[in-house]
Structure formats: C-alpha cells, structure tokens
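Okay, so here's the structure we're looking at.
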Amino acid sequence: MGGADMISPGLAIPLALWVPLLGCLAIWLLDKSPNLREAATLVTGAILFALTVTVFIAVSTGQRPGFQALEVIDGLPIAFQAEPLGALFAVIASGLWLVNSVYSIGYMRAGNEQHQTRFYMSFAVAISAAIGVAFAANLFTLFIFYEVLTLSTFPLVTHKGDEKARRGGRIYLGVLMATSIGLFLPAIVWTYVIAGTTDFMPGGLLAQHVDAAGPIVGILLGLYAFGIGKAALMPAHPWLPNAMVAPTPVSAFLHAVAVVKAGVFAILKIVIYIFGIDLLKDTGASIPFMWIAAGSILLASAIAMNQDNLKARLAYSTVSQLSYITLGAMLATSMGVMGGAIQIAAHALGKMTLFMCAGAIYVAHHKTLVSEMRGLGRVMPFTFGAFFLGAMSIIGLPPMAGSWPKFFLMLGAADAGQMAIIVVLIISSILNVVYLLSIPVQAFYMNPAEDGAKLQGAGGAFIDWGALKEAPILCIAPPMFTAAGVIALFFFIDPLYRFLLPLIGGG
C-alpha cells in the first residue's frame, strides 16, 4: 500500500471513482489476451482497495475528505465527502470486489462462460458506481450513482442471454427503475424544495426545516423506504430473487455486497443525515416502517425455508437479512443505527461466502438443488466447511461476526421500548437455523440422494481425503478467505464500533 500512502485522502476519492473506469478500458483493450485481461482486473481491484483504505484511515482520525466536481444548479452540486458509514461501505465493496475477481476467474474459466470481457467490464463500471454511492455528499449525487449502478449491472444479470435471463433482467430493471424514478426521485425533489439543498448533515438536514407534528416526515420516509428498491423491503423485493439467473459471481458480489448494500446503505445514511434519529424518534414516523421491516424479516425467512434451489433460498435469505439494516434505521435509536451499520459488514462477508460456495458446488458437481446435496460434503469438505461458517454468521451465533448486529439491534429495540422486535429477531434466528444449517448437516451426515448419482468417496460416514472432488482452487480459496473473515470480524469488532461512533454522536 506504499503508493497509496503518498496520495492524500482528498485525491484518493476521485481516483477511486476513476481507477475502475480506467480498468474497464484496459479490460476491453486486452480482450484477445485473457491472462492479461484478468491481470488488469486484479491490478485494478488492488489499486482501488488501497485507495479506499487510504480514505478509511483518514476518516478514522477524524478527517472528512471530499471534493466537489461541479454544481448543476444552485444547491445541487455533484460532490463527494467521506464519513464513517461511507468509508466502511467503500472499503468493504472494494475489498470484496478483489476477492470476487479471483473467484470469477476460476468460475468463468471452469464453466467456459461466454462474453467474459463484457462481464469484467460491467463489473468495473458497477464498482465505480458503488464507490460513488459510498462517497456521495448529497442526495443528488447519490441518486446519479445509484442509477448508474442499476444500469451497469443489468448486463450482468442477463449475462447468459437465454429467455430466463432476459425475463429476470426485465424484472430487475423494471422494479429498480420504477421505484427510483417513481418514489426516490420525488422524495429528493421534495427534500430540496423544503431545505434548498440535499446535503447530508450531521443531526439531519430536515430537523430544522419540518414541523415535527405534521405528516411530512412520515410521507417522505415512506417515499425513501420504498423508493430505494435496492434495499428489497417488501413488497419492492421481487427483483432480487429474479436476479439470481445471473452467474454466481454476480450473485455473490452484486446481490450480497454492492447492489443490495447500496440500497440499505442509502436508507441508513438518509435516516442519519437527512432526517436525523431524534426527529424520527420525536415524531414516531419510523414506527410503521419498523414493523414493515420486521414483517419482511419473518416472511422472507419463511419463503426461504420452502426453496429447494440453493441460490433462490439464499436470495430470500438476503431479503430477510437486508431488512435487519432497515429495521435498525427505523428503530431510531443509537444502538439500532449501530446494529444496522455493523450488519453491512457482517452480512457482506457471510452471504458472499454462501453464494461463492453455491457456485463452487455447481462448478464441481452441477448441483443446484438443496435436495441434491445429501452426502456431498464428504467429497467437498472445504466448500461445505466454509458454508457452515458463513451460515453460522448469518444465523448470528458466536464467535461469528453476525452475532454482533443482532446484539446491537436487540439493545436498540430495548432502548425504543419495542420488546416485540427482540422476539422477531429471536424467531428469525431460529428460522435461519432451519433453512441454512440443514444444508451442511445433510451434506456431511446424510447418505447421497438415491437418484443414480453416486458420489465418489461418499459411501460411508467419513470423508475419504483421497477421493475429494472440489472445485478449482480459485473457486475454493475466496470463500475460505471470507469464512475466516467472519471469525476475525467477531474478535475485532471493537475497532469497528469505535470507528462508527460518530454516526451516533459518540466521536
């Protein structure tokens, strides 16, 4: 990271936006040389990660680096500024893009996938858009990059080019564009009319401009909650399970990290910097949306339990887990916000692990159904071992990172006097156990399905280490790395907690 150390944080932000686009150009120019093309992807990812870490370190020391590109009209500049939540999202997105790029190389080559250059180019544009969302200094800038993220990921969703992919892509684009243009954009315009700006401000931009006794706060909050369709709050969620037609690296990164996290990140940031948690607490405007989020958590978990397709099960699990972050925001308490912010990191590591494992299973054995995975753990112990750790984190069991968000969310619910929300979180964890842990349990301890597909080395109850049939190493190492990450984050939660304290006025 020595080169990045010589770059000022203020310069690192525009570079973080431009480096992926330059990488996209390099990928296109190297179309005929796959090794060089993929090397360009990895080099771009490494540089981007170094730049976001530079910004992250600066923010941890109290700096708020940023820059303004241009002012479109008075009060509506395209501007960027790093604060703790955005710096966290940027470093997670860039770091996991690098991990996912390694995984993508193994997956795309093993499957002899077509249009690989377009695939890597679209990824590069998408990560640039995600960085723009992370560092946006106002709603106007956030909206621009939010839309670019939608458009740049559409080719990834429809990558396979068949009718199923095209249908999934139409739903993906239709839901996300309809909600953003029909609800999110009017909410931004209304905010601008009220305040004369869309800047993110500590304590909340609207706190000084609206009557706490009026209906405006609740109506605006509803427009944002459902207008930010990437947060997948029910009923604005159908795009996410339909997007699972994409190749697994797309599911792993965009639908476990970048796209979905851009949505819940935006909701959390708007609650903190546009409304302010004190305004929401005083008006009670967020309570209906708190219950909608709680309902989404339970309903999506119930649907996940009935999905035999592994990626579909993980997709509905994501809908549920994203609602934890929305729930934390709508609790309008300091600990609720903290729980939602930490969930961004914990869920990214855990769910990306699960999706990458699903891809490894498909590459090695072409299995996509949960009912087909009985006994498979005996020939894929590394894959299913990583899946087990990722599942434990999503469930929220120590010593996994996912236990901390639930702890803080329960504290936030207690602070808000919403004891029923604690019950919702407990029930959700029980449902998580049923639909996630059942997969590695049957993979390791049940006999193979009697469908004529006999698994080599799976005749007994023990792993035959000489008869393993794992996916290529580039498909195995990344999920093992992120699985280790969910353990590491559990023990290093205190530095992250202290980094995020300014969100709740504690630093």
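All you need for the working numbering is the position in the sequence shown, starting with 1, plus 3. The C-beta atom is built at its ideal place from N, Cα and C for all residues, glycine as well.
If only complete runs of 4 or more residues are kept, the stretch 320 to 382 shows the alpha helix (DSSP H) at 337 to 368, in order along the chain. Excluding five sequence positions before and after Leu24, the CB atoms of its chain that fall closer than 8 Å to its own CB belong to Ala127, Val128 and Ser131, given in chain order. Counting C-beta atoms within 10 angstroms of its own C-beta, Asp202 has 16 or more neighbours from the protein chains shown and is therefore classed as buried. In the structure shown, Leu142 falls within a helical segment according to DSSP collapsed to helix, strand and coil. Contact between Ser97 and Phe52 is confirmed by a C-beta separation of about 5 Å, below the 8 Å threshold.
Taking all protein chains in view, the Cβ of Met395 is crowded by 16 or more other Cβ atoms within 10 Å, so the residue is classified as buried. For Arg40, the CB contacts under 6 Å within the same chain, skipping 5 residues up- and downstream, are Ile30 and Leu33 in chain order.
In the three-state scheme derived from DSSP, where H, G and I count as helix and E and B as strand, Glu74 is classed as strand. The alpha-carbon of Leu325 is positioned some 27 Å away from that of Arg67. Counting C-beta pairs with one atom in each stretch, the stretch 390 to 404 and the stretch 420 to 436 have three or more that are closer than 8 Å, which means they touch.
One alpha carbon belongs to Ala470, the other to Lys354, and they sit about 28 Å apart. Of all alpha-carbon atoms in Ala72, Ile476, Lys35 and Thr64, the one lying nearest the alpha-carbon of Leu18 is that of Ala72. DSSP places Asn312 within a strand segment (E or B) once states are collapsed to three.
With contacts defined by Cβ atoms closer than 9 Å, Asn141 and Leu79 form a contacting pair. CA-to-CA, the gap between Met111 and Met293 works out to about 40 Å.
In terms of CA proximity to Ser304, Arg316 leads the group Asn312, Ile295, Asp311 and Arg316. Looking from the CA of Ser11, the closest CA among Met341, Val58 and Trp21 belongs to Val58. Using a Cβ distance threshold of 9 Å, Tyr227 and Ala190 count as a contacting pair. Approximately 23 Å separates the beta-carbon atoms of Leu283 and Val263; this is outside 8 Å, ruling out the contact. One Cα belongs to Val366, the other to Thr286, and the distance between them is close to 52 Å.
It is roughly 8 Å from the alpha-carbon of Ile16 to the alpha-carbon of Thr55. In this structure Ala239 does not touch His162 by the C-beta definition: roughly 24 Å separates them, more than the 8 Å allowed. Collapsing the DSSP output to three states places Ala82 in a strand. In chain order, Met111 place their CB closer than 6 Å to the CB of Gln119, counting only its own chain and leaving out the 5 sequence neighbours on each side. One thing to note: Ala332 has its Cβ no nearer than 9 Å to the Cβ of Ser374. When the alpha-carbon of Leu159 is set against those of Tyr195, Ile184, Pro252 and Met204, the nearest one is in Pro252. Contact annotation, Ala265 with Leu506: C-beta distance approximately 18 Å; criterion of less than 8 Å not satisfied.
Looking from the CA of Tyr438, the closest CA among Ala487, Gly420, Leu301 and Gly339 belongs to Leu301. Check the Cα spacing between Leu392 and each of Cys360, Arg381, Glu473 and Leu372: the tightest is with Cys360. Restricting attention to beta strand (DSSP E) runs no shorter than 3 residues, the stretch 20 to 77 encloses them at 69 to 76, ordered along the chain. For the pair Pro37 and Tyr123, the Cα-to-Cα distance works out to about 11 Å.
Excluding its 5 nearest sequence neighbours in each direction, Ala133 has C-beta neighbours in its own chain below 7 Å: Ala96, Leu152, Ala261 and Ala265, listed in chain order. Of the other Cβ atoms in all chains shown, 16 or more fall within 10 Å of the Cβ of Glu86; this residue is therefore buried. Ranked by Cα distance from Ala335, the options Met383, Ile280, Ser320 and Leu313 are led by Ile280.
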